[in-house]
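In terms of my numbering, the sequence shown is numbered consecutively and its last residue is 302.
The next block holds one structure in the form of structure tokens; read it before the comments.
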Amino acid sequence: MTDSALIEAADHAARHWQYDVPGRLDRGGDEYMRMMSRMLLDTFNPYKPAVIAWPKLDDEARQRLISLPIWDIAVQTEGKARLRILAFAQRVTAQPLREALERMAFEENRHKEVLSHLVAAYGIALAPEPEYVAPRDPEWAFMVTGYSECIDSFFAFGLFELARRSGFFPPELVETFEPVIQEEGRHILFFMNWITWYKRRMPLWRRPWFLLKTAAVWAFLVWERIGIARDVNGTPQDANFTAKGSEAVAGEIDPAELLDICLAENDRRLSGYDPRLIKPTTVPRLARIGRRFMRRRAPRGG
1 MTDSALIEAA DHAARHWQYD VPGRLDRGGD EYMRMMSRML LDTFNPYKPA
51 VIAWPKLDDE ARQRLISLPI WDIAVQTEGK ARLRILAFAQ RVTAQPLREA
101 LERMAFEENR HKEVLSHLVA AYGIALAPEP EYVAPRDPEW AFMVTGYSEC
151 IDSFFAFGLF ELARRSGFFP PELVETFEPV IQEEGRHILF FMNWITWYKR
201 RMPLWRRPWF LLKTAAVWAF LVWERIGIAR DVNGTPQDAN FTAKGSEAVA
251 GEIDPAELLD ICLAENDRRL SGYDPRLIKP TTVPRLARIG RRFMRRRAPR
301 GG
């Protein structure tokens, strides 16, 4: 099999997966845990950041890439995610759940390596990275990372598709980054099924406390994103860079159109996995509610 055929086969396997145990599964049972863990493990894409052939960009395309206001936050987010997931994995004894968590941490670190190679290839200057400190509460940290990825991935799916349609990035660069975007889809799918399984496993008396903890995580994430600015190593950064990213990628895009693309891409990227797996619903549901109150702008010149 040629290298291109191997890459295509790995990419297809990372997007289409069915568990080989038929029938309805108890969402708090061991078989369900094995299903969600096997999904993450079986769909692993073995690409290597060190051998990615970054396409040559002309000056205009390189300048567009450099001007995106996301690189510092993106690199640091992946570094934090790896440490948080690994810290939580060390508390888990059940297999293959622990193996799946360790694989997820590996992939987050690989995302950081991809970004590091990208910024080096195109001469993007980054602020010095902070020291990554292990969390005192690994469960809280894992939940913050998981729910944060549910928010960020939903919009990243749409922005990535906007970049492809608009020609903001050359097609070769889009294809190079595609596996990273799909991996984030696998991560949020795994996380939401872990949340469901974990809640079902815990005693009834613990569930109200866990619901309060979940609400606190969401409150923290909302507070983090509505802040006008966040300081990253002394440099003001927009804590909610979705708006900046969409404006950079496609100009003053219609918010209704952006939500339509995000919803469609979210459905497309998660559609190839076993239908018994629970898909993230909170962000898509909020997007659909907000979309009801929006009208798409008329085409310019129309």
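Don't be surprised by glycine CBs; every beta carbon is placed ideally from N, CA and C.
Query	Result
Nearest-angstrom Cβ-Cβ length linking A141 and A87, presumed shorter than 8 Å	7 Å
Whole-angstrom distance between I195 and Q18, CA atom to CA atom	20 Å
Per-residue DSSP class, three states only, for Y32	helix
Distance between L277 and N193 (C-alpha atoms, nearest Å)	7 Å
For S47, three-class secondary structure by DSSP	What sits at residue 47 in the sequence shown is Tyr, not Ser. Coil.
Counted within 10 angstroms of its Cβ, other Cβ atoms place A264 as buried (16 or more) or exposed	exposed
Y273 - partner residues in DSSP beta bridges	W17
CA nearest to the CA of D137, picked from C262, P130, R84, E224	R84
Distance between Q76 and L126 (C-alpha atoms, nearest Å)	10 Å
Beta-carbon proximity list for R201, same chain, < 7 Å, skipping 5 on both sides	G28
Chain-order list of residues whose beta-carbon lies under 8 Å from that of L115 (same chain, five-residue window excluded)	W71, A74, V75, E78
Sequence-distant residues of its chain with Cβ nearer than 6 Å to G123 (five each side left out)	none
For T176 and R15, the rounded distance between their alpha carbons	16 Å
Cβ pair count under 8 Å reaching 3, the segment 51 to 70 against the segment 166 to 174	yes
Beta-carbon separation (whole angstroms), P96 vs R186, contact threshold 8 Å	Contact doesn't hold; Cβ gap of about 15 Å is too wide.
A5, DSSP secondary structure in three states	helix
Beta-carbon gap between E184 and S153 smaller than 7 Å	yes
Proximity of A287 and L270 at Cβ, strictly below 7 Å	no
Helix, strand or coil at Y198 according to DSSP, with G and I counted as helix	helix
Pairwise C-alpha distance: T145 and K314	Nothing about residue 314 can be reported from this structure: the residues present for the chain run from 1 to 302 only.
Helix, strand or coil at W54 [DSSP, three-state]	coil
Contact test: A287 Cβ vs the ligand SAM heavy atom, cutoff 6 Å	Ligands displayed in this structure: none; no statement on the ligand SAM is therefore possible.
Cβ pair A53, R82 closer than 7 Å	no
DSSP three-state assignment for F168, whether helix, strand or coil	coil
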